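Worksheet for the structure shown next.
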Amino acid sequence: MVLKESESELTHGDAAPDFSLPGADGETYSLDSFEEYEALLVVFTCNHCPYAKAKFDELNYLARSYDELAVVGINANDAEEYPEDSFERMEELVEDGTIGYTAYLRDESQETAREYGAVCTPDPFLFEREGGEFRLAFHSRVDDAMSPDDEVTDYEMRTAVEAVIGGEEIPLDETPSQGCSIKWKDE
2 MVLKESESEL
12 THGDAAPDFS
22 LPGADGETYS
32 LDSFEEYEAL
42 LVVFTCNHCP
52 YAKAKFDELN
62 YLARSYDELA
72 VVGINANDAE
82 EYPEDSFERM
92 EELVEDGTIG
102 YTAYLRDESQ
112 ETAREYGAVC
122 TPDPFLFERE
132 GGEFRLAFHS
142 RVDDAMSPDD
152 EVTDYEMRTA
162 VEAVIGGEEI
172 PLDETPSQGC
182 SIKWKDE
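Yeah, the sequence shown ends on 188 if you go by this note's numbering, and it's all consecutive.
Below you can see the structure in the form of structure tokens.
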């Protein structure tokens, strides 16, 4: 288990790094794929980590509940060492409805995770559209349940999303996410 420190190279107002990644639905996605949305939630996640699995339902809720928000899961884990994080398993989870994000993408090279400064699963980055670009607005946890078995009492990302799509200041402090470390490939 890793407590996410704010080690990201991204700071508030930075543009989201672009990517071109395959989705579990057979499509290839880039930032332009989400240009019709006002907000973009990029969450580095995976299929096997209990911390990430505990957030599937909330991320599905966010994707389903806010038309102005794209929820994009990105799995960068080494699938050779962690077979449950394979692209095939991602496809199964999307197909059976376990994961209902706007898109669930595979970062096989791990370059996108490195560009974002992601370190754990889940690691959420909320961007708002400004001047035709997505700019970082909030890098924090999904909710206040820090362990998979904890009960949620505050859905913090919902509050942040509502503020961003409402054009308001986010009324929350950022709290580091907690989860399993990203499973980096041996260099």
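We put the CB at the ideal spot given by N, CA and C, even for glycine. Here the structure is a predicted model, which means the values were calculated and not measured.
- Taking the Cα positions, G133 is about 31 Å away from D155.
- In the three-state DSSP reduction, R142 falls in the coil class, being neither helix nor strand.
- Taking 8 Å as the upper bound for CB-CB distance, G24 and Y105 are in contact here, some 6 Å apart.
- Counted as a single uninterrupted DSSP element, the stretch harbouring I166 is not any beta strand (DSSP E) but the alpha helix (DSSP H) occupying residues 157-166.
- V72 and N61 have their C-alpha atoms some 8 Å from each other.
- Taking a contact to require three or more Cβ pairs closer than 8 Å, the stretch 25-42 and the stretch 145-152 do not qualify as touching.
- Separation of the CB atoms of A138 and E129 is rounded to 4 Å, and the pair is thereby assigned contact status at 8 Å.
- Taken atom to atom, the span from the alpha-carbon of E169 to that of V44 is near 22 Å.
- Under DSSP, E169 takes part in no beta bridge, so it has no partner.
- Setting aside the 5 residues that flank it on each side, D15 is surrounded in the same chain by R136, L137, each with a C-beta closer than 7 Å to its C-beta; the list follows chain order.
- Sequence-distant partners of K56 (beyond 5 residues in either direction) whose C-beta falls short of 8 Å from its own C-beta, in its chain, are V44, T46, P123, V143, D144.
- Sixteen is the threshold: since fewer than 16 other Cβ atoms of the shown chains lie within 10 Å of the Cβ of D150, the residue is exposed.
- For Y117, the enclosing alpha helix (DSSP H) covers residues 112-117.
- For I171, the closest of A64, S178, R159 by C-alpha to C-alpha distance is R159.
- The alpha carbon of S87 has as its nearest neighbour, out of H49, P18, S141, F35, the alpha carbon of H49.
- In this chain, the beta strand (DSSP E) harbouring P125 covers 124-131.
- Boundaries cannot be given for V120, as no alpha helix (DSSP H) includes it and DSSP labels it neither H nor E.
- The Cβ neighbour count for D108, taken over all protein chains shown within 10 Å, is at least 16; the residue is labelled buried.
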